[in-house]
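Student: Numbering (my numbering), first residue to last: 66 to 690. Even glycine gets a Cβ: it sits at the ideal position worked out from N, Cα and C. Quick caveat, the model's predicted, so the values are computed rather than measured. Before I ask anything, here is the structure I am working with.
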């Protein structure tokens, strides 16, 4: 039997329509696309592996490592297909996830509808017990009440539990004790916010632990099935998952914290684009990833994608910030909308063409797939416009039916607007391109950037078909469609480092800064982050430390990178100078001349990654779009 080697690596990306497989055999790339199997997502991976190993002439046992990313967790949150979940929280805070922050993302809409919380009110339970902001116990935990709550959860048919107590980021003892009590009577997964997202701001923290608990049973079951099926086919090699921050983690960690996978597939695409930017010396890049179900835009500066500690899933109101479901984890920052090749085209009550967010997916798929789909999708419009070769779609795996596309477009859209098939298809593509352009503008403005200053890298199965028109709308005059664009995210997985970011909130004013106390906290965070990475990293592990700081009284903080070394007596002066330097870079000037204005640290972050070899720099010849 042939043994596995580390120079044969495989990336597998499950999307809403296609599952992409990329196999790197000692520098030679083999790839394929297969339709995603909703009933058994792992089957599409196995089918794809069978194709690429046949093309490469190797056996499954020779694969050295498999790196996997998926949108299954994201889709479960968006489509509300997770487990029935109970929330156990501090008495008086039952409605935090429904009240949100009380901010209106559109102040002039009198009929504004806030997103529905993941867990309905009747499934939220409260218990007495209180931790203070400094971590001190103000009221003991009511353990007898927890015993009663456990009985009610057991009788309610719940599949998962989320625990979120006030100020648990400062002292997790109550949450851990509550988990112990519930676990004695419940045989279901229990997630606690102090481990999932140990950060200030209870709405974001509670929502994140609820999301983790909501998708945890489904993801744990899927990952267990995947590992079993891979071993059965002979691929008995390490399997790692790419998380939303762009690093690799073990399957065990992913099963416990599946919310970290919410943007795992798109993260691979951002890494793919960042690697191209690094190889060709492109300092300002916007990556455009359009697949079968969604489209994603990500800004890349100095060869690295922008990152954040919080992002939103399923923005609903014109892509407005605040209209989605906040998830508080380290993530590659991007904007995502329901505009993919499978997005359905329709006509609204005002006679306007609309696209998405509903997608035909892979089952039944667009009308042209011949799998029972009757409604027109973006892929049908692309086919009618001649952008696709009906005999060579997805490498020839699917033969497209042009007649079915024309009939669907005319029946559902064209006849209602008195347009022929060609004009209707053009209108559908114009609408989806404008939707994507609007989302890109919003994302750039939210980050204080001018989108037209960037070069575009387009990848994903549908992006190259729409990139030129999107560039025209955004004022971007250069675009790259790289080799392997159709499976860009899967290739990006192969370039991702082993990495994990550990965070902890500890509100500290610089005037009260205690170096020894902070050094101890950072040592704990480093040990935690390195522990997640060490199992897979083969080289040296480096740590990046970030302090999230603000002026006292401000609502949000900025990231301030600091040196990876213990703080000494001069720490306050160093941190003050670093904060003012970064504040000026973010906002144009620091705030000066106000007596008594203090600076405070809100959260500390330690990101551990393995050192990757440097890549060769290449020259790039570009042309106008």
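Could you give the DSSP three-state label for residue 258: helix, strand or coil?
Tutor: As a working note, residue 258 is residue 193 in the chain shown. Residue state, collapsed to three classes: helix.
Student: Measure the alpha-carbon distance for residue 258 versus residue 540 and round it to whole angstroms.
Tutor: Position 193 of the chain shown holds residue 258. Position 475 of the chain shown holds residue 540. So the two alpha carbons sit approximately 43 Å from each other.
Student: Which runs of the beta strand (DSSP E) at least 3 residues long sit entirely within the stretch 170-256? Give them in chain order.
Tutor: Fully enclosed beta strand (DSSP E) runs of 3 or longer: 189-192, 202-204 and 225-229.
Student: What separation, rounded to the nearest whole angstrom, lies between the Cα atoms of residue 75 and residue 417?
Tutor: Stepping through the chain shown from its first residue, residue 75 is reached at position 10. Stepping through the chain shown from its first residue, residue 417 is reached at position 352. One C-alpha to the other measures close to 44 Å.
Student: Run through the DSSP bridge pairs and tell me what residue 349 is partnered with.
Tutor: Walking along the chain shown from the start, residue 349 turns up at place 284. Answer is 366, bridged to residue 349.
Student: Is the distance from the Cβ of residue 311 to the Cβ of residue 397 below 9 Å?
Tutor: Within the chain shown, numbered from 1, the residue matching residue 311 stands at position 246. Within the chain shown, numbered from 1, the residue matching residue 397 stands at position 332. In contact: residue 311 and residue 397 (Cβ atoms closer than 9 Å).
Student: Helix, strand or coil for residue 297 per DSSP?
Tutor: The residue labelled residue 297 in the question sits at position 232 within the chain shown. Looking at residue 297 - three-state DSSP - the assignment turns out to be helix.
Student: Do residue 404 and residue 359 have their CB atoms nearer than 9 Å?
Tutor: Your numbering for residue 404 matches position 339 in the chain shown. Your numbering for residue 359 matches position 294 in the chain shown. Yes; because the gap between Cβ atoms is below 9 Å, this pair is in contact.
Student: Between residue 329 and the ligand HEM, is the CB less than 8 Å from at least one heavy atom?
Tutor: For the ligand HEM, the structure offers nothing, since it holds no ligand at all.
Student: Helix, strand or coil: which one does DSSP assign to residue 338?
Tutor: As a first step, residue 338 must be located in the chain shown, where it is residue number 273. Helix at residue 338.
Student: If we count Cβ pairs, one from each stretch, closer than 8 Å, do we get three or more for the stretch 519-529 versus the stretch 343-352?
Tutor: With a cut-off of 8 Å, the stretch 343-352 and the stretch 519-529 count as touching, because enough Cβ pairs lie within range.
Student: Buried or exposed: residue 659, going by 16 or more other Cβ atoms within 10 Å of its Cβ?
Tutor: For this step, residue 659 is matched to residue 594 along the chain shown. It counts as exposed.
Student: Is the beta carbon of residue 152 less than 9 Å from the beta carbon of residue 227?
Tutor: For the purposes of this step, residue 152 is taken as the residue at position 87 of the chain shown. For the purposes of this step, residue 227 is taken as the residue at position 162 of the chain shown. The answer is yes: Cβ separation under 9 Å.
Student: Taking 9 Å as the cut-off, decide whether the C-beta atoms of residue 639 and residue 655 are in contact.
Tutor: Position 574 of the chain shown, counting from 1, holds the residue named residue 639. Position 590 of the chain shown, counting from 1, holds the residue named residue 655. Contact flag unset, no.
Student: Flag this pair as touching only if the stretch 574-583 and the stretch 352-367 have three or more C-beta atom pairs under 8 Å; answer yes or no.
Tutor: The stretch 574-583 is not in contact with the stretch 352-367.
Student: If you count every other CB in all the chains shown that lies within 10 Å of the CB of residue 250, and 16 or more means buried, which is it?
Tutor: As a position in the chain shown, residue 250 is number 185, starting the count at 1. The residue is exposed, with fewer than 16 neighbouring Cβ atoms inside 10 Å.
Student: Which partner residues does residue 133 have in the DSSP bridge list?
Tutor: Position 68 of the chain shown holds residue 133. DSSP lists 77 and 306 as partners of residue 133.
Student: Where residue 106 and residue 138 are concerned, what is the direct C-alpha to C-alpha distance, given to the nearest angstrom?
Tutor: Here the question's residue 106 lines up with position 41 in the chain shown. Here the question's residue 138 lines up with position 73 in the chain shown. Spanning the two alpha carbons is a distance of roughly 12 Å.
Student: Could you tell me which of 285, 653, 342 and 464 sits nearest to residue 9, measuring between CA atoms?
Tutor: Because the chain is modelled from 66 through 690, residue 9 falls outside the range shown and cannot be assessed.
Student: Please go through the stretch 640-667 and give each complete beta strand (DSSP E) segment of 3 or more residues, from N-terminal end onward.
Tutor: Complete beta strand (DSSP E) runs here, min 3: none at all.
Student: Rounding to the nearest angstrom, what Cα-Cα distance links residue 231 and residue 491 in this structure?
Tutor: If you number the chain shown from 1, residue 231 lands on position 166. If you number the chain shown from 1, residue 491 lands on position 426. In a straight line, the C-alpha of residue 231 is about 53 Å away from that of residue 491.
Student: Would DSSP call residue 354 helix, strand or coil?
Tutor: As a working mapping, residue 354 is identified with position 289 in the chain shown. Three-state DSSP puts residue 354 in a strand.
Student: Output the distance between the C-alpha atoms of residue 454 and residue 506, rounded to the nearest integer angstrom.
Tutor: As a first step, residue 454 is located in the chain shown; it is residue number 389 there, counting from the start. As a first step, residue 506 is located in the chain shown; it is residue number 441 there, counting from the start. Their backbone Cα atoms lie some 31 Å apart in a straight line.
Student: Could you pull the start and end residues of the beta strand (DSSP E) that residue 487 belongs to?
Tutor: Within the chain shown, residue 487 is the residue found at index 422, counting from 1. Here residue 487 belongs to no beta strand (DSSP E); instead the alpha helix (DSSP H) covers 486-511.
Student: Run through DSSP, which three-state label would residue 452 get?
Tutor: By 1-based counting over the chain shown, the position of residue 452 is 387. Three-state DSSP puts residue 452 in coil, outside helix and strand.
Student: Assign residue 691 to one of three DSSP states: helix, strand, or coil.
Tutor: One cannot answer for residue 691 here, as it falls past the ends of the chain, which runs 66 to 690.
Student: Where do the N-terminal and C-terminal ends of the beta strand (DSSP E) with residue 570 fall, by residue?
Tutor: Along the chain shown, one-based indexing puts residue 570 at 505. Start and end: 564-574.
Student: Once you ignore the five residues that flank residue 244 on each side, which residues in its own chain have a CB closer than 7 Å to its CB?
Tutor: Residue numbering aside, residue 244 sits at position 179 when the chain shown is read from its first letter. Excluding positions up to five away in sequence, the list reads 228, 255 and 257.
Student: Would you call the stretch 174-187 in contact with the stretch 283-297, where contact means no fewer than 3 C-beta pairs closer than 8 Å?
Tutor: No, they do not touch.
Student: Within 10 Å of its beta-carbon, does residue 464 have 16 or more other beta-carbons around it, so buried, or fewer, so exposed?
Tutor: For the purposes of this step, residue 464 is taken as the residue at position 399 of the chain shown. That one is exposed.
Student: So is residue 164 buried or exposed if we call it buried at 16+ other beta carbons inside 10 Å?
Tutor: What you label residue 164 is simply residue 99 of the chain shown in a count that begins at 1. Residue 164 is exposed by the Cβ-count criterion.
Student: I'd like to check one pair, residue 96 with residue 110: are the Cβ atoms closer than 9 Å?
Tutor: Looking up residue 110 in the chain shown gives position 45. Looking up residue 96 in the chain shown gives position 31. Taking 9 Å as the Cβ cut-off, residue 110 and residue 96 do not qualify as a contacting pair.
Student: Keeping to the same chain, check which residues put their C-beta closer than 6 Å to that of residue 443; ignore five residues upstream and five downstream.
Tutor: If you number the chain shown from 1, residue 443 lands on position 378. Same-chain partners within the cutoff: 406, 408 and 497.
Student: Per DSSP, which residues does residue 279 bridge with? Please list them.
Tutor: Start at 1 with the first residue of the chain shown, and residue 279 comes out as number 214. In DSSP, residue 279 forms no bridge with anything.
Student: Taking C-alpha atoms, which residue in 598, 278, 356 and 543 lies nearest to residue 78?
Tutor: The residue given as residue 78 occupies position 13 in the chain shown. Of the listed residues, the one whose Cα sits closest to residue 78 is 356.
Student: Restricting to runs no shorter than 3 residues, where is the beta strand (DSSP E) found entirely within the stretch 509-542?
Tutor: With a minimum length of 3 residues, the continuous beta strand (DSSP E) runs that stay inside the stretch 509-542 are 520-524.
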